[in-house]
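Structure, as C-alpha cells:
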Amino acid sequence: QNEEKWDFVLVSDIHEMGSEKEIKRKKFLDELSKKGFTIKKIEDTKLFYGVRAPQHIFRKYQCLLSNPDSRQQNSNAHQDVPVTTRIRIVHFILQNTVTSDLEKLRDLMKKKVFEAAFPLHEKEEVREFLKEKWARWRVMFKQQPIEKIRCYFGEKVALYFAWLGWYTYLLVFAALAGLVTVVAGTTVFSSSQVSKEICDANTTIMCPLCDQKCPFWVLSDTCTYAKITHMIDNEATVVFAMFMAIWATVFLELWKRQRATVVTDWDLYGWDEDEEELALELINNLQHEPRLYQHSYFRSTIVLILVLLMIVVLIGIAHALVIYRVVAMALFTQSHLELLREHANTMAVMTGAVLHYITIITMTKVNRWVALFLCDLEKPRTFSQRENSFTVKIFTFQFFTNFSSLIYIAFFLGRINGRPGHYVRIAGRWRLEECHPSGCITDLFIQMAIIMLLKQTISNIMEYLIPWISHHLRKKHKRPKKRSVMLGEEEEAEDPCKRQWLNNYELNEVNVFSLFNEFLEMVIQYSFTTIFVAAFPLAPLLALFNNVIEIHMDAIKMMRLHRRMVPRKANDIGIWLQVLEAIGILAVIGNGLVIAITSDFIPVQVYKYMYSPCSRENRTGMDCSTGYVNNSLSVFRIQDFEPHTRVPDVPQEFHRDQVKECRYRDYRNADDYTYTVQFWHIFAARLAFLILFEHVALCVKLIAAWYIPDVPQKVKNKFLGKKHTNLRKELSMMEYSTEV
1 QNEEKWDFVL VSDIHEMGSE KEIKRKKFLD ELSKKGFTIK KIEDTKLFYG
51 VRAPQHIFRK YQCLLSNPDS RQQNSNAHQD VPVTTRIRIV HFILQNTVTS
101 DLEKLRDLMK KKVFEAAFPL HEKEEVREFL KEKWARWRVM FKQQPIEKIR
151 CYFGEKVALY FAWLGWYTYL LVFAALAGLV TVVAGTTVFS SSQVSKEICD
201 ANTTIMCPLC DQKCPFWVLS DTCTYAKITH MIDNEATVVF AMFMAIWATV
251 FLELWKRQRA TVVTDWDLYG WDEDEEELAL ELINNLQHEP RLYQHSYFRS
301 TIVLILVLLM IVVLIGIAHA LVIYRVVAMA LFTQSHLELL REHANTMAVM
351 TGAVLHYITI ITMTKVNRWV ALFLCDLEKP RTFSQRENSF TVKIFTFQFF
401 TNFSSLIYIA FFLGRINGRP GHYVRIAGRW RLEECHPSGC ITDLFIQMAI
451 IMLLKQTISN IMEYLIPWIS HHLRKKHKRP KKRSVMLGEE EEAEDPCKRQ
501 WLNNYELNEV NVFSLFNEFL EMVIQYSFTT IFVAAFPLAP LLALFNNVIE
551 IHMDAIKMMR LHRRMVPRKA NDIGIWLQVL EAIGILAVIG NGLVIAITSD
601 FIPVQVYKYM YSPCSRENRT GMDCSTGYVN NSLSVFRIQD FEPHTRVPDV
651 PQEFHRDQVK ECRYRDYRNA DDYTYTVQFW HIFAARLAFL ILFEHVALCV
701 KLIAAWYIPD VPQKVKNKFL GKKHTNLRKE LSMMEYSTEV
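UniProt numbering numbers the first residue of the sequence shown as 1 and each following residue consecutively.
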C-alpha cells in the first residue's frame, strides 16, 4: 500500500523522440533520479510522471529542525513526517532542482516542457472527513474542524479559515448593532421634525438641479427620500460609528489571542521561517550559499515614485467617473424619454455605480500586474518577503480602486460646485453634479449599497461558477479520447494510479495566489464594513451573510473543484494583520469625516443650540430643531441667473410672475451671496467634532488594545512550565554525569 503513495505528479504533452522538449524533460527527470527519487510513468493522452522522494530526505529534515528537547525522544527518528510536510519538501526540491542547462521547473513550464505539477488529493480518512463534515452546504452553521484542515492543507490555509470563522463570528455583534441603528432610525426618528418640515414645505420653490431642462421644483417632492435619509442620518449613527471603531480593535485583539491559542497547540509559536528555508535549501543542495539581505535606497525610491504614480492614475479614473456622471446627467435630462428625464439624477448615479464596478474588475487585473512588476524591482530575499511586499502594494492599489469614488461622493460632491448664478463647470459647459436633494449622505448610501450588493452577489457567483464549469468542461474534454486508448490496450487500464491521477488532473489548477486572493477579497470587504459604515449601517449584516456562504464555498472549491494546494507552514496571518490594523485607524478617520462633513448631524446641532427658538427663550414643550429647514436654505434672486441660462419652467401650481426667487442648500447672504456667520460657525463645529471624535475613538482603541492581552495567560504558563522542565532536566543530567 505504502509503495503506491506518490508525493507529486508531473504532466507533460507527448513530444516526439529526440525533440528539444523531450530532451529537456529527460534531463530534468534524470536530475531527480540522481537525488534518489522514484519515478513512475503512465501514458494516456498526456504523459504522467509520479514522483516519490526517498526516505533519507525526510530524515535529514527531521534532524535539522527537531527541537533540541525532543531530540532525545526521537532518537529512532522513524516517526513518519506528516503528509503536508512531505508535500512541502518535495515541492521545494522540484522547484529548485537545476538541470545541466541551468533550467528549473518554472523555466521548463514556461517553455511548455511540462504542463502541470501538483500533489494529489489522496483517499485519506482526513479527506473523507472534511468532504463530509466541512465542504458541504448543509453543515453551514457548525464549528469548522481547523485541526483537520491543518492536517490536510497545512497551517496557512487552516489559519485563513480560523481567521475567517472568527471574523464572521464577531460580525454577528456588528450586524446586530447596525440593525438596531436602522430600526432606531425607522421608529424613534421617523417622526423627526426635520423630515416633517420637508414634507410640509409645499410652497418652498427650489432652484433647478441642472442647466438644460430642469424645472424649479418644490421641496416637499423629496419627502420620501428625506424620511429614508433620516433613517441613517441621526444621533444613533454617531454612537454606532463609535461602536464600530471599538469593534474593529476588539476584533483584532481577540484574534491575536485566538491565534496564540491555536498556534501553541501546533508547537509553532517560536517557529522561524528563515531557518526552515535554509534547511530545505541545504537538503536540496549541500553546496548552497544563502542569499544575503539587501537594501537599496535608490530602488526603494524608484518603487515609491511608481506606487505614487499608480495611485494618481487610480484617482484619475475616479475623476473620469465623476465627469461621466456629469455628462450623463446632462444627456439624460435632454433625452426624449420621459422616464429618463424624470429620474436623470438617479439614473446617472446608478449607471455610474455599475461603471465603477466594471472599473474595479478591470483595474484589479492591472493592479496585480503592476504590483508583481514592482516586487521584481525590489528583489526580495525570500518568498515570504516577496509575498509581504506584494500584499502591501496590491492592497494599496485595490483600496484606491475601490474607494476613490466613494471618497469623492462623501467629501467633495456638492461642496465644490459653486452656487446658482456662479456654477463651477467642466470645460466651461457642464455643471458639476449636486448632492441628492435630501442630503449628500443619500448618495453615499446608494453607492455603498450598490457596490456591496454587486460585489458580493456577482463576484461570489463567478468565483464558484467559473471553477465548477471549467472542471466539468475539462472532464468532458478529457474522457472520450481515453476510452479509445483503453479499448486497444486492456491491460494498461488496470493501473490503479491512472484513474486517480487523471481525476486530479481534471480539477482546476491552483497557484501561489489562490489563498492570497481569498484573503484580499475578505480584507477589502472588511474595509467596506468598517470605513464608511456610518453611511451604510447595514454593511456588517451583508458581510455576515456573505461570509457564512464564503467559508463553505471556499471549502467546496478547495476540496472538490481545485487540485490540492501545496501546504505551507505559518504561525500567523502575516502582514495581513498590519493591514487590518491600518484599516482600523482609517475607519476612525473615515467615520469621523462622514459624520462631521457628509451628514447633517452637525448643522442640526449648531442650529439647535445657537439659532433655534430654544436658544432665544426657554420653551420646554417645543422641538428645538423647528425651523431648521428654512434656516438651512439660502435665497437666490432669479434675475441673477447666468445670462446664457434660459429661465426654467415653473411648477404647475404657481404662476410664472409669482416666482421671483428660489432656494438652495447653503449658508449665504441674500444680497451679495457671501457666506453668512452661521456657515463659519458650522465649519468650526465640524472641525471641533472631527478632532474630538477621532481622539476619543483612538484613545478608546488604545485602551481596548491594552485591556485585552495579546497572549492568553494559559499559553504563557504553558511555555513557562516547558522552559522550567527543560532546564531542570538538563541540570539533573549534569549532576548525574558529574557524580559518575
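Cβ atoms here follow ideal geometry from the backbone N, Cα and C, with glycine treated the same way. Source: prediction; values computed, not measured.
Supposed contact pair residue j and residue i - C-beta distance, whole angstroms, cut 8 angstroms
| i | j | result |
| --- | --- | --- |
| Ala-53 | Val-90 | 5 angstroms |
| Pro-208 | Pro-651 | Actually they are not in contact, since the Cβ atoms of Pro-208 and Pro-651 sit about 11 angstroms apart, beyond 8 angstroms. |
| Ile-14 | Leu-47 | 6 angstroms |
| Val-262 | Tyr-269 | The pair is not a contact, with the Cβ atoms about 10 angstroms apart (cut-off 8 angstroms). |
| Val-566 | Arg-88 | 6 angstroms |
| Phe-118 | Phe-8 | 7 angstroms |
| Arg-668 | Tyr-675 | 6 angstroms |
| Val-370 | Phe-400 | Not confirmed; about 12 angstroms, so no contact. |
| Tyr-297 | Ile-451 | Wrong, their Cβ atoms sit about 39 angstroms apart, outside the cutoff. |
Among the options, nearest to residue i - alpha-carbon criterion
| i | options | result |
| --- | --- | --- |
| Arg-381 | His-295, Cys-497, Leu-731 | His-295 |
| Trp-217 | Glu-653, Arg-429, Asp-657, Arg-415 | Glu-653 |
| Met-244 | Ala-174, Ala-184, Thr-264, His-288 | Ala-174 |
| Val-81 | Ile-409, Cys-151, Val-183 | Cys-151 |
| Phe-411 | Phe-683, Ile-597, Phe-693 | Ile-597 |
| Val-354 | Ala-371, Leu-321, Trp-369 | Leu-321 |
| Ala-534 | Leu-542, Lys-498, Ser-599 | Ser-599 |
| Thr-229 | Trp-255, Met-206, Ile-198, Leu-254 | Ile-198 |
| Arg-257 | Phe-58, Ala-705, Phe-118 | Ala-705 |
| Ala-582 | Thr-530, Leu-561, His-562 | Thr-530 |
| residue 742 | Trp-680, Thr-362, Lys-40, Ala-184 | It is not possible to answer for residue 742, since the shown part of the chain is limited to 1 through 740. |
| Lys-21 | Ile-358, Glu-115, Ile-441 | Glu-115 |
| Met-610 | Trp-680, Met-559, Ala-555, Asp-554 | Trp-680 |
| Val-548 | Ser-19, Leu-170, Glu-31 | Leu-170 |
| Phe-395 | Glu-694, Gly-165, Lys-365, Thr-333 | Lys-365 |
| Ala-226 | Gly-316, Phe-536, Ala-260, Ile-441 | Ile-441 |
| Ile-585 | Glu-642, Gln-639, Ala-697 | Ala-697 |
| Ile-703 | Ile-469, Val-250, Met-109, Thr-84 | Val-250 |
| Ile-682 | Tyr-607, Lys-35, Val-188, Tyr-357 | Tyr-607 |
| Asp-671 | Arg-637, Val-659, His-644, Ala-684 | Arg-637 |
| Asp-495 | Leu-29, Leu-10, Gly-50, Asp-30 | Gly-50 |
| Leu-507 | Trp-468, Phe-399, Glu-273 | Trp-468 |
| Asn-284 | Leu-580, Arg-563, His-56, Arg-106 | His-56 |
| Val-188 | Tyr-664, Glu-661, Thr-237 | Thr-237 |
| Phe-519 | Asn-504, Leu-580, Asn-503, Ile-461 | Leu-580 |
| residue 770 | Lys-131, Glu-433, Gln-287 | Look at the range of the chain in this structure, 1 to 740, and you will see that residue 770 is not part of it. |
Counted within 10 angstroms of its Cβ, other Cβ atoms place residue i as buried (16 or more) or exposed
| i | result |
| --- | --- |
| Asn-367 | buried |
| residue 750 | Outside the shown range of the chain, which is 1 to 740, sits residue 750, and nothing can be said about it. |
| Thr-99 | buried |
| Arg-656 | exposed |
| Glu-162 | It is Ala, not Glu, that sits at residue 162 in the sequence shown. By the 10 Å Cβ count, Ala-162 comes out buried. |
| Lys-701 | buried |
| Cys-63 | exposed |
| Arg-568 | buried |
| Thr-725 | exposed |
| Gly-428 | exposed |
| Lys-123 | exposed |
| residue 743 | Residue 743 lies beyond the range of the chain shown here (1 to 740); nothing can be said about it. |
| Trp-6 | buried |
| Thr-359 | buried |
| Tyr-736 | exposed |
| Glu-378 | buried |
| Met-17 | exposed |
| Asp-562 | Checking the sequence shown, residue 562 turns out to be His, not Asp. Burial call: buried. |
Check: residue i C-beta below 7 angstroms from any heavy atom of the ligand SAM
| i | result |
| --- | --- |
| Asp-44 | This structure simply doesn't include the ligand SAM, nor any ligand for that matter. |
Any chain B beta carbon closer than 8 angstroms to residue i
| i | result |
| --- | --- |
| Phe-693 | Of the chains in the structure shown, none is chain B; there is only one protein chain. |
* To do: Inspect the CB distances between the stretch 522 to 533 and the stretch 144 to 157 and report whether three or more fall short of 8 angstroms.
  => no
* With a floor of 4 residues, list each alpha helix (DSSP H) that falls wholly inside the stretch 295 to 320, ordered by position along the chain. => none
* Are three or more beta carbon pairs between the stretch 627 to 635 and the stretch 186 to 203 nearer than 8 angstroms? -> Yes, the stretch 627 to 635 touches the stretch 186 to 203.
* Asked: With a cut-off of 8 angstroms, do at least 3 Cβ pairs link the stretch 386 to 396 to the stretch 557 to 575?
  -> Inter-segment contact for the stretch 386 to 396 and the stretch 557 to 575 is present: three or more beta-carbon pairs are separated by less than 8 angstroms.
* Counting Cβ pairs, one atom from each stretch, are 3 or more of them under 8 angstroms apart for the stretch 429 to 446 and the stretch 348 to 355? -> yes
* Which runs of the alpha helix (DSSP H), 4 residues or longer, sit entirely within the stretch 656 to 729? -> 677 to 707
* Asked: Which runs of the beta strand (DSSP E), 3 residues or longer, sit entirely within the stretch 452 to 481?
  -> none
* Using 8 angstroms as the Cβ pair cut-off and three pairs as the minimum, do the stretch 417 to 431 and the stretch 544 to 560 touch? -> no
* When the Cβ atoms of the stretch 304 to 320 are set against those of the stretch 359 to 375, are three or more pairs found closer than 8 angstroms? -> yes
* Given 8 angstroms, three or more beta-carbon pairs between the stretch 288 to 304 and the stretch 324 to 335 -> Remark: fewer than three beta-carbon pairs, one from each stretch, lie closer than 8 angstroms, so the stretch 288 to 304 and the stretch 324 to 335 are not flagged as touching.
* **Residue ranges of each alpha helix (DSSP H) within the stretch 234 to 268, 4 or longer** => 235 to 265
* Length-filtered (4 minimum) alpha helix (DSSP H) runs lying within the stretch 608 to 643 -> 613 to 616, 628 to 632
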